[in-house]
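Going by my numbering, the sequence shown wraps up at 525, each residue one higher than the last.
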Amino acid sequence: MNFRIDIEMTPEELRRTLGLPDVAALQQEMIDKVREQMDAGVEGYDPLTLLKPYLNSGIGSMEAFQKLMFGMMSQYGKDKRDAD
């Protein structure tokens, strides 16, 4: 038996319903601080340094994600065949 429930709500309504805090002001404050640090030229806050961890591990992360997805799909196929 399957049940399907469609609920239409905005992300803000969902956040309130789940009781999650509103972090928009905190996020904006953090972005403003990073922007100030970048404008001031503080070491470690130049765009290349901020993106470097993502650039170096980007390919490795993608490979790990592909392996994870392949493993999940392989397991799903086995479970489906076992049930038949």
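Ideal Cβ positions, reconstructed from N, Cα and C, are used throughout, including at glycine.
Boundaries (first-last residue) of the alpha helix (DSSP H) holding residue i
i, result
"residue 467", "465-481"
"residue 459", "452-459"
Beta-carbon proximity list for residue i, same chain, < 7 Å, skipping 5 on both sides
i, result
"residue 470", "none"
6 Å CB neighbourhood of residue i in its chain, flanking five on each side removed
i, result
"residue 448", "none"
"residue 479", "486"
Residues near residue i in its chain [Cβ-Cβ closer than 8 Å; skip 5 each side]
i, result
"residue 450", "458"
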